[in-house]
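Student:
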Amino acid sequence: CSVQTGSNDMTLSLSRRAFCAGLAGAAFARPAAAQGGETLTAGVSSVQLAPPGYGQTEVWSYDGTLPGPVLRARQGARMTRRLVNALEVPTSVHWHGIRIDNAMDGVAGLTQAPVLPGDTFDYDFALPDAGTYWYHAHTNSMEQVARGLSGALIVDEPAPPDVDRDEVLLLDDWLLDPETGLFFDDFSNPMMRSHAGRMGNLLGVNGQYAMRLRAQQNERLRLRLINAANARIFVLRLQGMAGWQVALDGMPLAEPEPVTTEIVLAPAQRVDLIVDVTATEGEPAGLLHYADDDSWQALVETEVTGRGASRSREAPTALPPNPMMEVPDVTAAETREMRMEGGAMRGMASGRFEGEQLGFRELVQRGQFWALAGQVDLGEAPFARYDRDEPARIALVNDTVFPHAMHLHGMHFRTIGADGATGPMRDTVLVMPEERVEIAFRAHNPGKWLLHCHMLGHAASGMTNWIEVA
Ligand code: C2O
Ligand code: CU
5 CSVQTGSNDM TLSLSRRAFC AGLAGAAFAR PAAAQGGETL TAGVSSVQLA PPGYGQTEVW
65 SYDGTLPGPV LRARQGARMT RRLVNALEVP TSVHWHGIRI DNAMDGVAGL TQAPVLPGDT
125 FDYDFALPDA GTYWYHAHTN SMEQVARGLS GALIVDEPAP PDVDRDEVLL LDDWLLDPET
185 GLFFDDFSNP MMRSHAGRMG NLLGVNGQYA MRLRAQQNER LRLRLINAAN ARIFVLRLQG
245 MAGWQVALDG MPLAEPEPVT TEIVLAPAQR VDLIVDVTAT EGEPAGLLHY ADDDSWQALV
305 ETEVTGRGAS RSREAPTALP PNPMMEVPDV TAAETREMRM EGGAMRGMAS GRFEGEQLGF
365 RELVQRGQFW ALAGQVDLGE APFARYDRDE PARIALVNDT VFPHAMHLHG MHFRTIGADG
425 ATGPMRDTVL VMPEERVEIA FRAHNPGKWL LHCHMLGHAA SGMTNWIEVA
């Protein structure tokens with residue numbers, strides 16, 4: 005049973021049994037959502053998140069489903085959606101990981117005005133890169149994403165790899181009241197913002213608390229894992245399957261990497277796996293996650309029904325590279341240091357907020373707990389300005405006692421190790437306490453781009469900054 009309480013929440017004491025009791029009759033995966041029309045409507049709907057026997061949860065969602073519809077297009081095509089705001093609050097949509105025109109990036113207050121209730125906004129952008137991406141609200145995202153405003157965005161390679169099935173698995177957690185099945189809180193708990201973030205007590209995939217897949221022995225699946233949770237870092241293991249990582253954050257790896265150990269998926273990160281089902285009929289198979297009580301729990305269960313191909317296949321080959329995957333030459337680039345400070349247990353001396361230098365206590369009174377490079381809000385000036393195509397190098401220095409999932413909009417980057425070795429391309433990198441992670445990229449995409457923590461409670465209370473590319 006994959007029910008957990010947030011590890012840092014003294015205020016919550018949800019009964020594990022209350023949820024687990026209802027876990028018997030699990031639903032099968034619903035068929036892949038058909039691509040919607042040309043609109044995407046953000047509105048209120050009711051869905052069955054909690055196990056049967058509990059009430060439905062009133063959520064905010066796209067097109068009435070949670071998660072929103074899987075949006076899917078060919079590499080090189082355009083994505084056009086008219087956002088219709090049927091909510092009672094302003095909203096906007098961010099297309100996470102897409103190398104997008106800045107005006108379409110969806111960040112209310114930086115790249116567009118928030119879309120008011122009853123209004124619409126036309127998103128229209130090219131899809132230069134194949135891969136697994138996602139979309140989510142970017143106006144008060146701490147609350148809006150937690151209420152359900154997210155979905156998968158899949159860009160297909162011109163010649164997709166040879167697999168029997170392609171499954172999108174959007175991982176999430178929800179913080180529900182076990183008595184009612186409604187959201188537990190009002191999304192403003194300062195304890196969660198100043199600690200590890202807002203952790204749910206019910207984990208699920210594709211909006212289902214007990215997601216099941218059907219497969220046959222020796223079938224080859226492409227699993228597209230997306231972490232859409234507000235703060236939870238998923239630690240995952242394959243069961244009854246052997247597989248390879250073939251892409252991270254949408255970007256193909258140069259060589260498929262066999263999965264031999266745990267897969268760590270921080271908020272907003274994605275991993276594409278190609279897996280072969282090794283379990284025989286009746287044997288357990290699927291995806292396990294490391295739960296807060298130090299046990300491995302099923303997150304996706306696969307029911308193995310018979311045998312597909314008579315024997316397993318050769319290892320998969322690499323996905324075709326996307327354009328602009330070259331390793332940037334940053335030897336001459338100046339390293340700009342972005343210090344991450346604040347939070348419970350350590351705090352910080354002061355930070356800049358609303359044009360003033362404020363001490364930590366004053367910031368806390370204003371609901372702010374964190375700073376990036378001394379800056380608590382967006383401020384007047386970006387953290388860094390780059391000329392078009394300039395090589396950029398930023399050191400993310402975690403001076404807090406919590407991990408942070410740092411996300412750059414508009415461009416992917418590579419990490420540079422102390423020995424100078426470059427990592428795979430990513431748009432979100434996990435920076436552990438006391439860790440210093442250097443990232444490098446060519447500043448090829450003009451505009452104003454956020455650089456923020458994707459633990460959304462952190463982003464809402466100080467961990468949001470930005471860069472500008474001329
Ligand atoms: Cu996925 Cu600024 O966000
Ligand atoms: Cu953070």
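If you count the sequence shown from 1, position 116 lands on 120 in the UniProt record's numbering, and the numbers rise without skipping. Positions of the beta carbon are idealized from the N, C-alpha and C atoms, including for glycine. None of these values were measured; they are calculated from a predicted model.
Taking C-alpha atoms, which residue in Val405, Pro407, Gly72, Gln372 lies nearest to Gly155?
Tutor: On the sequence shown, residue 155 is found 151 positions in, with the first residue counted as 1. Of the listed residues, the one whose Cα sits closest to Gly155 is Gly72.
Student: Specify which residues have a beta carbon nearer than 6 Å to any heavy atom of the ligand ADP, listing them in chain order.
Tutor: In the structure on display, the ligand ADP does not appear, and the ligands it does have are the ligand C2O and the ligand CU.
Student: Who are the near neighbours of Gly59 in its chain, counting only those whose CB is closer than 6 Å to its CB and skipping five residues on each side?
Tutor: The count along the sequence shown starts at 1 and reaches residue 59 at position 55. Around Gly59: Thr184, Gly185.
Student: Between the Cα of Ala272 and the Cα atoms of Leu303, Pro165, Tyr139, Glu394, which residue gives the shortest distance?
Tutor: Reading the sequence shown from its first residue, position 268 is the one you call residue 272. Nearest C-alpha to Ala272: Tyr139.
Student: Starting from Gly461, trace the alpha helix (DSSP H) both ways and give me its first and last residue.
Tutor: Sequence index remark: in the sequence shown, residue 461 carries index 457 (1-based). It spans 460-463 - the alpha helix (DSSP H) in which Gly461 sits, taken as one unbroken run.
Student: Is Val308 helix, strand or coil by DSSP?
Tutor: Within the sequence shown, the letter at position 304 stands for residue 308. The answer is strand: DSSP assigns Val308 an E or B state.
Student: Counting only the same chain and skipping the five closest in sequence on each side, list residues whose C-beta sits under 6 Å from that of Asp168.
Tutor: As a working note, residue 168 is residue 164 in the sequence shown. Closer than 6 Å at the Cβ level, and outside the excluded window around Asp168, lie Glu223, Arg224.
Student: Leaving out the 5 sequence neighbours to the left and right, which residues in its chain are closer than 6 Å to Val405 when beta-carbon positions are compared?
Tutor: Here residue 405 corresponds to residue number 401 of the sequence shown, with the count starting at 1. For Val405, where only same-chain residues beyond five positions count, the Cβ hits under 6 Å are Met349, Arg350, Pro437.
Student: Which whole runs of the alpha helix (DSSP H) in the UniProt domain "Plastocyanin-like" (172-283) are 4 residues long or more, in chain order?
Tutor: Entirely contained in the UniProt domain "Plastocyanin-like" (172-283), the alpha helix (DSSP H) runs reaching 4 residues are, in chain order, 194-198.
Student: What would DSSP say about Ala54, mapped onto helix, strand or coil?
Tutor: As a position in the sequence shown, residue 54 is number 50, starting the count at 1. Coil.
Student: Quick check: the stretch 140-152 against the stretch 52-70, are there 3 or more CB pairs under 8 Å?
Tutor: A contact exists between the stretch 140-152 and the stretch 52-70.
Student: For the beta strand (DSSP E) containing Met83, name the first residue and the last one.
Tutor: Locating residue 83 in the sequence shown gives position 79, counting from the first residue. Start and end: 82-89.
Student: With distances taken between CB atoms, is the gap from Thr339 to Glu442 smaller than 8 Å?
Tutor: In the sequence shown, residue 339 corresponds to position 335, counting from 1. In the sequence shown, residue 442 corresponds to position 438, counting from 1. Their beta carbons are under 8 Å apart, which means Thr339 touches Glu442 by this criterion.
Student: Give me the Cα-Cα distance between Phe187 and Asn193, rounded to the nearest whole angstrom.
Tutor: Looking up residue 187 in the sequence shown gives position 183. Looking up residue 193 in the sequence shown gives position 189. One C-alpha to the other measures close to 13 Å.
Student: Compute the Euclidean distance between the alpha carbons of Asp170 and Arg82, then round it to the nearest angstrom.
Tutor: For the purposes of this step, residue 170 is taken as the residue at position 166 of the sequence shown. For the purposes of this step, residue 82 is taken as the residue at position 78 of the sequence shown. The alpha-carbon atoms of Asp170 and Arg82 are separated by roughly 22 Å.
Student: Return yes when at least one heavy atom of the ligand CU lies under 7 Å from the C-beta of Ala293, else no.
Tutor: Here residue 293 is taken as the residue at index 289 of the sequence shown, counted from 1. Correcting the residue identity first, residue 293 is His in this sequence and not Ala. No, Cβ of His293 sits at least 7 Å from all heavy atoms of the ligand CU.
Student: Ignore the nearest five residues each way along the sequence and tell me which others in Val88's own chain have a CB closer than 6 Å to its CB.
Tutor: As a working mapping, residue 88 is identified with position 84 in the sequence shown. Hits under 6 Å: Thr43, Thr45, Thr124.
Student: With distances taken Cα to Cα, identify the nearest neighbour of Val331 among Met415, Thr426, Glu345, Arg343.
Tutor: Translated into positions along the sequence shown, residue 331 becomes position 327. Taking only the C-alpha atoms, the option nearest Val331 is Thr426.
Student: Under three-state DSSP, which class holds Gln148?
Tutor: If you number the sequence shown from 1, residue 148 lands on position 144. Reduced to three states, the DSSP call for Gln148 is helix.
Student: Hey, how far is the Cα of Thr115 from the Cα of Asn106?
Tutor: In the sequence shown, the residue the question calls residue 115 occupies position 111. In the sequence shown, the residue the question calls residue 106 occupies position 102. Thr115 and Asn106: Cα-Cα distance of roughly 7 Å.
Student: Would the stretch 240-252 and the stretch 268-282 be scored as touching if the rule is three or more Cβ pairs under 8 Å?
Tutor: Judged by Cβ distances under 8 Å, the stretch 240-252 makes contact with the stretch 268-282, as three or more pairs qualify.
Student: With respect to 7 Å, is the separation between the Cβ of His462 and the closest non-hydrogen atom of the ligand CU below this value?
Tutor: The count along the sequence shown starts at 1 and reaches residue 462 at position 458. Correct: His462 has its Cβ closer than 7 Å to the ligand CU.
Student: Between the Cα of Arg397 and the Cα atoms of Met415, Ala163, Leu382, which residue gives the shortest distance?
Tutor: The sequence position of residue 397 within the sequence shown is 393, counting from 1. Per the Cα distances, Met415.
Student: Tell whether a beta-carbon distance below 8 Å holds between Met410 and Val380.
Tutor: To locate residue 410, count along the sequence shown from 1; it is residue 406. To locate residue 380, count along the sequence shown from 1; it is residue 376. No.
Student: Identify every residue that forms a DSSP beta bridge with His100.
Tutor: For this step, residue 100 is matched to residue 96 along the sequence shown. Answer is Trp138.
Student: By Cβ distance below 7 Å, which residues in the same chain neighbour Glu307 in space, the five residues on each side in sequence not counted?
Tutor: Counted from its first residue, the sequence shown places residue 307 at position 303. Counting only Cβ-Cβ distances below 7 Å, and skipping sequence neighbours, we find Arg216, Arg218.
Student: Please return the same chain residues whose Cβ sits closer than 7 Å to the Cβ of Leu412, not counting the five positions on each side in sequence.
Tutor: What you label residue 412 is simply residue 408 of the sequence shown in a count that begins at 1. Only Asp431, Trp453, Leu455 meet the Cβ criterion.
Student: Going by C-alpha to C-alpha distance, which of Leu180, Ile102, Asp333 sits closest to Phe445?
Tutor: Counting from one through the sequence shown, the residue named residue 445 turns up at place 441. Of the listed residues, the one whose Cα sits closest to Phe445 is Asp333.
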